[in-house]
Amino acid sequence: QVQLVESGGGLVQAGGSLRLSCAASGSIFGINAMAWYRQAPGKQRELVAAITSGGSINYADSVKGRFTISRDNVKNLMFLQMNSLKPEDTAVYYCNLRTVWNEYYWGQGTQVIVSS
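The sequence shown maps to residues 16 to 131 in this note's numbering.
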C-alpha cells in the first residue's frame, strides 16, 4: 500500500507563490508517474502537471510558465512550485501516483485559496 501526504497549501494573494509538497511512503515499487491534480468547487478534477519516472513533464495549458513540477526520487518527494497565482487557481490540490501496473493512489488533498 502507498500513502501520499500533501502539504504547503494555504491562503495567498493574487500574484503570490506557494510550494506544495507530496511525500510518498509505504510499498513504493514500479512508479510510472506522479502528478498534481486539482478540483475547484463545482468542477471536475483536472490534471495540473505530471512527471514520469523518466523525467518527462507536461503541464495544463492554464499553468504553463507559472507552475513547476519536480521530484526527489531518493526521498520519494514531489513538489509543485506555483508562481503568479490567480484566483482561478483556487482549488484542492491532490497528489497522484501511478504504477507500471496501472494502480492509482491519491493523497487527501491540500487547499489553495488565492484572493483577488
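By construction, the Cβ of each residue, glycine as well, lies at the ideal position given by its N, Cα and C atoms.
Small disclaimer: the values here were computed from a predicted structure and weren't measured.
Query                                                                                                                                                  : Result
For Y119 and S77, I'd like the C-alpha separation in whole angstroms.                                                                                  : 24 Å
Where are the alpha helix (DSSP H) runs, 4 residues long or more, that stay fully inside the stretch 60-113, in chain order?                           : none
Can you name, in chain order, every residue of its own chain whose Cβ lies under 8 Å from the Cβ of S130, other than the five neighbours on each side? : L26, V27, Q28, A29, P102
Starting from Q16, trace the beta strand (DSSP E) both ways and give me its first and last residue.                                                    : Element bounds for Q16: n/a, residue is neither H nor E.
Are A48 and L62 closer than 7 Å when you measure CB to CB?                                                                                             : no
If you reduce the DSSP assignment to three classes, tell me which class A38 lands in.                                                                  : strand
Counting C-beta neighbours from all protein chains within 10 Å, is the total for V20 16 or more, i.e. buried, or is it exposed?                        : exposed
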